[in-house]
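>
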Amino acid sequence: MSNASSTPRPVPAPVHVIGGGLAGSEAAWQIAQAGVPVILHEMRRDEPEQVRTDAHHTTGLAELVCSNSFRSDDWEFNAVGLLHAEMRALDSVIMACGDANQVPAGGALAVDRVAFSDAVTAKLEAHPLVTIVREEIAGIPPEEWANVIVATGPLTSPALAEAILKATGEESLSFFDAIAPIIHTDSINFDVAWRQSRYDKEGPSGDKAAYVNCPMDKAQYEAFIDALLDGPKADFKEWENVPYFDGCLPIEVMAERGRETLRHGPMKPVGLTNQHNPTVKPYAIVQLRQDNALGTLFNMVGFQTKLKYGAQTDVFRIIPGLENAQFARLGGLHRNTFLNSPKLLDKQMRLKALPRLRFAGQVTGVEGYVESASMGLLTGRLAAAQALGRDLAPPPPETAMGALVEHITGGHLEGSKFQPMNINYGLLPPLEAPKVDEEGKRIHPKERGRAKKRLQSIRAIEALKAWRDAAA
-3 MSNASSTPRP VPAPVHVIGG GLAGSEAAWQ IAQAGVPVIL HEMRRDEPEQ VRTDAHHTTG
57 LAELVCSNSF RSDDWEFNAV GLLHAEMRAL DSVIMACGDA NQVPAGGALA VDRVAFSDAV
117 TAKLEAHPLV TIVREEIAGI PPEEWANVIV ATGPLTSPAL AEAILKATGE ESLSFFDAIA
177 PIIHTDSINF DVAWRQSRYD KEGPSGDKAA YVNCPMDKAQ YEAFIDALLD GPKADFKEWE
237 NVPYFDGCLP IEVMAERGRE TLRHGPMKPV GLTNQHNPTV KPYAIVQLRQ DNALGTLFNM
297 VGFQTKLKYG AQTDVFRIIP GLENAQFARL GGLHRNTFLN SPKLLDKQMR LKALPRLRFA
357 GQVTGVEGYV ESASMGLLTG RLAAAQALGR DLAPPPPETA MGALVEHITG GHLEGSKFQP
417 MNINYGLLPP LEAPKVDEEG KRIHPKERGR AKKRLQSIRA IEALKAWRDA AA
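Those letters in the sequence shown? Residues -3 to 468, per the numbering used here, in order.
Spelled out as structure tokens, the structure:
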């Protein structure tokens, strides 16, 4: 949105954003960039007393508490890469800071989590229209706050969650989310492990060997599964009836679904060749992804867990190459929070029962860092438009961002239970798979699905830019 105006315009009332995570930080940035004052409320603080959440370790804005990856950066053939491109086209602070602080990750965009958070925090602290207030909003915001974005994410404070429940008449807002362990690089045995990206795919930083790979033969895999299933799990008592989100299942929960499940999931042995023994195909492979810019930390891909701490070190050191692994952080589990958005939110992301409140991020029922930040971006623009007395509709459903809005405000199957969703091409309006390429050459049937994704991506980018330019 443009700040230009032919006549001086009075400064609009500030928009209040509750929550300084990815979505809240992005929302605050978009509002301020539109020329509207914004007050960002974040409960984590050091003074006058230290306040954290169950998963956060710092007071930094946009702290990454799970993976350090924003997933694929391929905008042509991957839906989350498409979402990256859309956000970049809309002046996303999250994407700008992610790009500036990336670490090698094959075809993915991964970041140094500390440097990334520091960069986002610095950008917002330096913006003249952003005020950061370190306080908890322990209920429905005051009535005089006429334009509010609630972006409290998966770790909404109990008091605010309870207030939302009362306002909506809902019974529950929760599900489980799990965190993967992080390992010190110098404790990995590279006489066993090797560096290689799956299919040698080059990532945004140009690195084709961004992952560390630990191979297993069948006997080692079976022993690992046994230890995983037998290991003591954390007991959450009253949480136990809260469902998991399938995109972030604990590793042991996946193993419980069948002994071969992991070999067809995070431990699949495809696209990789053991540099120490290239003629023998591993039965399973554990991958680790770089977690900081220095390359001193790697996280275990797909190994979010609810194993007890002592069991984690014992079980994960069974993995070849990790016999002497030293853990910078062990895995953990925290309760996530989301709304029954199709019932409760309108297309402007406003709470139907209290339209002065918009919601953004994971609390709306999107899953993933990029999806959460994109909903912060959108609600920021919608709230800024309201503050400026303008009408702004969400992006069209042909865009990745618009498709997410469609899903969380009514796109799930009627009569089914609403569940969080990552961005995927299935959310975008369908296109017929092309039979010939741009030069008129016949596309092999096996490649038509990939060609279709590219057409959907091109359509999305064009629609997104048209929406952006019309709103300027």
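Heads up, the beta-carbon is just placed ideally off N, CA and C, and yes, glycines get one too. If you're wondering where the values come from, they're calculated on a predicted model, not measured in any experiment.
When the Cα of SER68 is compared with those of GLN98, VAL89 and ARG40, which residue comes out closest?
On the sequence shown, position 72 is the one that residue 68 refers to. Cα-wise, what sits closest to SER68 is GLN98.
> Taking the alpha-carbon positions, what's the GLU283 to ILE179 distance?
Here residue 283 refers to the residue found at position 287 of the sequence shown. Here residue 179 refers to the residue found at position 183 of the sequence shown. First, the residue type needs correcting, since residue 283 is Gln and not Glu in the sequence shown. Answer to the nearest angstrom: the Cα atoms are 12 Å apart.
> To which residues of the same chain is ILE439 closer than 7 Å at the C-beta, ignoring the five residues directly before and after it?
Here the question's residue 439 lines up with position 443 in the sequence shown. Around ILE439: PRO430, LYS431, VAL432, ASP433 and ALA447.
> Starting from MET212 and walking both ways along the beta strand (DSSP E), at which residues does that stretch end?
For the purposes of this step, residue 212 is taken as residue 216 along the sequence shown, with counting starting at 1. First-last of the beta strand (DSSP E) with MET212: 207 to 212.
> Which residues bound the beta strand (DSSP E) around ILE14?
Walking along the sequence shown from the start, residue 14 turns up at place 18. Element bounds for ILE14: 11 to 14.
> With a CB to CB cut of under 6 Å and the five nearest residues on each side skipped, what residues in its chain are close to ALA324?
By 1-based counting over the sequence shown, the position of residue 324 is 328. The residues are ILE178, HIS180 and LEU293.
> Within its chain, find whatever has a CB closer than 6 Å to the CB of GLY328; leave out the 5 residues flanking it on each side and keep chain order.
Sequence index remark: in the sequence shown, residue 328 carries index 332 (1-based). Answer for GLY328: ILE175, listed in chain order.
> Could you say which of GLU121, THR360 and MET212 lies nearest to PRO478 if we only look at CA atoms?
The structure shown does not extend to residue 478, since the chain is modelled only from -3 through 468, so no value can be given for it.
> Return the Cβ separation of ALA28 and SER113 in integer angstroms, given the expectation that the two are a contact with Cβ distance under 8 Å.
Locating residue 28 in the sequence shown gives position 32, where the first residue counts as 1. Locating residue 113 in the sequence shown gives position 117, where the first residue counts as 1. Contact doesn't hold; Cβ gap of about 18 Å is too wide.
> Give a yes or no on contact between the stretch 63 to 78 and the stretch 118 to 133, applying the rule of three or more CB pairs nearer than 8 Å.
At 8 Å Cβ cutoff, the stretches do not touch.
> Count the other C-beta atoms from every protein chain shown that fall within 10 angstroms of the C-beta of PHE186, then say buried if there are 16 or more, exposed otherwise.
Here the question's residue 186 lines up with position 190 in the sequence shown. By the 10 Å Cβ count, PHE186 comes out exposed.
> What span of residues does the beta strand (DSSP E) with ILE27 cover, start to end?
Position 31 of the sequence shown, counted from the first residue, corresponds to residue 27. Unbroken run through ILE27 is the alpha helix (DSSP H), 18 to 29; no beta strand (DSSP E).
> Specify, as a first and last residue, the run of the beta strand (DSSP E) that LEU36 falls within.
If you number the sequence shown from 1, residue 36 lands on position 40. Counting along the chain, the beta strand (DSSP E) containing LEU36 begins and ends at 34 to 38.
> Let me know the secondary structure DSSP gives ALA280 once reduced to three states.
Indexing the sequence shown from 1 puts residue 280 at position 284. In the structure shown, ALA280 sits in a strand (DSSP, three-state: E or B).
> Count the CB pairs spanning the stretch 69 to 82 and the stretch 415 to 426 that are closer than 8 Å, and state whether there are at least three.
Touching, yes.
> Shortest alpha-carbon distance to GLY20 belongs to which of ARG377, GLU45 and GLY357?
Within the sequence shown, residue 20 is the residue found at index 24, counting from 1. Out of ARG377, GLU45 and GLY357, GLY357 has the C-alpha closest to the C-alpha of GLY20.
> For ALA0, name the three-state secondary structure that DSSP assigns.
For this step, residue 0 is matched to residue 4 along the sequence shown. The predicted position of ALA0 is uncertain, since its pLDDT is 49 and thus under 50; a value taken from the coordinates is nonetheless stated next. Correct three-state label for ALA0: coil.
> The alpha helix (DSSP H) with PRO392 in it runs from where to where?
Taking the first residue of the sequence shown as position 1, residue 392 is located at position 396. Per DSSP, PRO392 belongs to no alpha helix (DSSP H) and is neither H nor E.
> Taking VAL249 as the reference, which of ASN295, LYS302 and LEU290 has the closest Cα?
What you label residue 249 is simply residue 253 of the sequence shown in a count that begins at 1. Nearest option by C-alpha distance: LYS302.
> For ALA106, does the three-state DSSP call read helix, strand or coil?
In the sequence shown, residue 106 corresponds to position 110, counting from 1. Strand at ALA106.
> Consult DSSP for GLY267 and reduce its assignment to one of helix, strand or coil.
Along the sequence shown, one-based indexing puts residue 267 at 271. Of the three classes helix, strand and coil, the one that applies to GLY267 here is coil, per DSSP.
> Nearest by alpha-carbon distance to ILE247: which of LEU268, LEU224, LEU353 and VAL266 is it?
Here residue 247 refers to the residue found at position 251 of the sequence shown. The shortest C-alpha separation from ILE247 is found at LEU224.
> Check whether the stretch 142 to 154 touches the stretch 353 to 373, counting contact only when three or more Cβ pairs, one atom from each stretch, lie closer than 8 Å.
The answer is yes - the stretch 353 to 373 touches the stretch 142 to 154, with three or more Cβ pairs under 8 Å.
> The alpha helix (DSSP H) spanning LEU373 covers which residue range?
The residue labelled residue 373 in the question sits at position 377 within the sequence shown. First-last of the alpha helix (DSSP H) with LEU373: 365 to 383.
> Suppose you measure from the CA of ASP70 to the CA of ALA104; what does that come to, to the nearest Å?
Numbered from 1 along the sequence shown, position 74 holds the residue referred to as residue 70. Numbered from 1 along the sequence shown, position 108 holds the residue referred to as residue 104. C-alpha separation (whole angstroms): 8 Å.
> What would DSSP say about PHE299, mapped onto helix, strand or coil?
The residue labelled residue 299 in the question sits at position 303 within the sequence shown. In this structure, PHE299 counts as coil in the three-state DSSP scheme.
> Ordered along the chain, which non-local residues of its own chain (more than five positions away) have a Cβ less than 6 Å from that of LYS488?
Beyond the ends of the chain as shown, which are -3 and 468, falls residue 488; an answer cannot be given.
> Return the first residue and the last residue of the beta strand (DSSP E) that LEU79 is part of.
Residue numbering aside, residue 79 sits at position 83 when the sequence shown is read from its first letter. No beta strand (DSSP E) holds LEU79; the alpha helix (DSSP H) holding it covers 75 to 85.
> Are the beta-carbon atoms of GLU38 and GLY15 separated by less than 8 Å?
Indexing the sequence shown from 1 puts residue 38 at position 42. Indexing the sequence shown from 1 puts residue 15 at position 19. Yes. Within cutoff.
> Name the residue from HIS272, ALA81 and PRO10 whose alpha carbon lies nearest to the alpha carbon of ALA459.
Looking up residue 459 in the sequence shown gives position 463. Taking only the C-alpha atoms, the option nearest ALA459 is ALA81.
> Under the rule that 16 or more other beta-carbon atoms within 10 Å means buried, what is LYS233, buried or exposed?
Within the sequence shown, residue 233 is the residue found at index 237, counting from 1. Note on LYS233: pLDDT 49, under 50, position unreliable in the model; the coordinate value appears next. Exposed, by the Cβ-count rule.
> Taking ARG446 as part of the alpha helix (DSSP H), name the residues at either end of that continuous run.
As a working mapping, residue 446 is identified with position 450 in the sequence shown. Segment 444 to 467, the alpha helix (DSSP H) holding ARG446.
> Checking the sheet assignment: what are the DSSP bridge partners for PHE481?
Any property of residue 481 remains undetermined from this structure, which presents the chain solely from -3 to 468.
> Under three-state DSSP, which class holds THR55?
Along the sequence shown, one-based indexing puts residue 55 at 59. Three-state DSSP puts THR55 in coil, outside helix and strand.
> Should PRO426 be labelled buried (16 or more other beta-carbon atoms within 10 Å of its own) or exposed?
Within the sequence shown, numbered from 1, the residue matching residue 426 stands at position 430. Exposed, since its Cβ has fewer than 16 Cβ neighbours within 10 Å.
> Please classify PRO8: does DSSP put it in a helix, a strand, or coil?
One-based indexing of the sequence shown puts residue 8 at position 12. Reduced to three states, the DSSP call for PRO8 is coil.
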